[in-house]
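Residue numbers (our numbering): 476 to 550. For glycine and all other residues, C-beta sits at the position ideal for the given N, C-alpha and C. No experiment lies behind these values; they were computed from the predicted model shown. These notes are about the structure you will find just below.
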């Protein structure tokens with residue numbers, strides 16, 4: 476049973492966290508390069524948010540939503 480948990484430890488430490496260790500060592504050399512992945516995720520989030528707001532505006536302009544007081548049971 477102990478070997479099973481050591482196998483899990485080896486999987487995470489030696490394989491799955493290896494890219495994160497590389498980013499940690501890269502951060503000492505160049506902060507911008509190390510955080511490039513974070514910037515990509517931020518841009519993807521901004522684009523997704525803008526698309527979502529555009530779609531909500533389209534549905535709002537078509538008056539497809541029931542805005543009456545009894546439309547939602549929790550109100």
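Scanning its chain for C-beta atoms nearer than 7 Å, with the 5 sequence neighbours on each side dropped, one finds around residue 501 the residues 508, 509, in chain order. The same chain holds no residue with a CB closer than 8 Å to that of residue 497 once the five nearest residues on each side in sequence are set aside. Cα atoms of residue 540 and residue 517: separation of roughly 30 Å, rounded to the nearest angstrom.
For residue 491, there is no enclosing alpha helix (DSSP H), since its DSSP letter is neither H nor E. 495 is the residue among 524, 526, 495 whose C-alpha sits nearest the C-alpha of residue 511.
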